[in-house]
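Peer 1: Residue numbers (the numbering used here): 32 to 191. A virtual CB, placed ideally from N, CA and C, is assigned to each residue, including glycine.
1. Would you check if the stretch 140 to 156 and the stretch 114 to 129 touch, i.e. whether three or more CB-CB distances between them fall below 8 Å?
2. Take residue 158 as the anchor and find which of 148, 112 and 102 has the nearest alpha-carbon.
3. Could you please give the first and the last residue of the uninterrupted alpha helix (DSSP H) stretch that includes residue 75?
4. In chain order, what residues of the same chain lie with their CB nearer than 6 Å to the CB of residue 55, ignoring the 5 residues before and after it?
5. Any Cβ of chain B within less than 9 Å of the Cβ of residue 54?
6. Using the Cβ count rule (16 or more neighbours within 10 Å means buried), how would you classify residue 84?
7. When the Cα atoms are used, what is the spatial distance from residue 78 to residue 53?
8. Run through DSSP, which three-state label would residue 108 get?
9. Can you look up residue 57 in the DSSP assignment and give me helix, strand or coil?
10. Between which two residues does the alpha helix (DSSP H) harbouring residue 89 extend?
11. May I ask you to report which of helix, strand or coil DSSP gives residue 129?
12. How would you label residue 51, buried or exposed, when you count the other beta carbons within 10 angstroms and need 16 or more for buried?
13. Check whether the Cβ atoms of residue 147 and residue 117 lie closer than 9 Å to each other.
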């Protein structure tokens, strides 16, 4: 089933909803950042899970291992819904996502449609950043990429 949008593109009435990916890798929600950071990450996860589990949820929740930009921990990526993508929405990377009020703003924005469909709240706009591209400084290299490049796994001496 489809309908026409004002731009003339066909939009499926029932497409994929927004996807909220929460980083819980090496730094995000990590005990090494302190008890307050762990408690804030747990509270955020509970709120997001509860909202994603609601009957008319407008997003899917994913929990990921390290997404890379640890200097912005705790990281959340909001990917647009099908309708949002068709209207030009792109993934939005949000850092320091366990800050006061951020989760509430995030949930309200996603409920309104998220990227491409609803304006980003000003408080969240201040926390957005461009994700680092692979191979650039500041991006953690995955273990698989290191092995492909011929490097040895961390902590293992190369044998002659």
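Peer 2: According to the structure data:
1. Contact holds: three or more Cβ-Cβ distances are below 8 Å.
2. Counting from 1 along the chain shown, the entry for residue 158 is found at position 127. Minimum Cα distance to residue 158 is reached at 102.
3. Numbered from 1 along the chain shown, position 44 holds the residue referred to as residue 75. Looking at the DSSP string, the run of the alpha helix (DSSP H) that includes residue 75 is 66 to 83.
4. Taking the chain shown and counting its residues from 1, the one referred to as residue 55 is at position 24. 94, listed in sequence order.
5. Note that chain B does not occur in the displayed structure, where there is just one protein chain.
6. Here residue 84 refers to the residue found at position 53 when the chain shown is read from its first residue. With a 10 Å radius around the Cβ and a threshold of 16 neighbouring Cβ atoms, residue 84 comes out exposed.
7. Here residue 78 refers to the residue found at position 47 when the chain shown is read from its first residue. Here residue 53 refers to the residue found at position 22 when the chain shown is read from its first residue. Roughly 12 Å between the two C-alpha positions.
8. Within the chain shown, the letter at position 77 stands for residue 108. In the three-state reduction of the DSSP assignment, residue 108 falls in the strand class.
9. One-based indexing of the chain shown puts residue 57 at position 26. Looking at residue 57 - three-state DSSP - the assignment turns out to be coil, as it is neither helix nor strand.
10. Counting from 1 along the chain shown, the entry for residue 89 is found at position 58. No alpha helix (DSSP H) contains residue 89, which DSSP labels as neither H nor E.
11. Residue numbering aside, residue 129 sits at position 98 when the chain shown is read from its first letter. Reduced to three states, the DSSP call for residue 129 is coil.
12. For the purposes of this step, residue 51 is taken as the residue at position 20 of the chain shown. So residue 51 counts as buried.
13. Residue mapping note: residue 147 aligns to position 116 of the chain shown, counting from 1. Residue mapping note: residue 117 aligns to position 86 of the chain shown, counting from 1. Yes, these two residues count as a Cβ contact at 9 Å.
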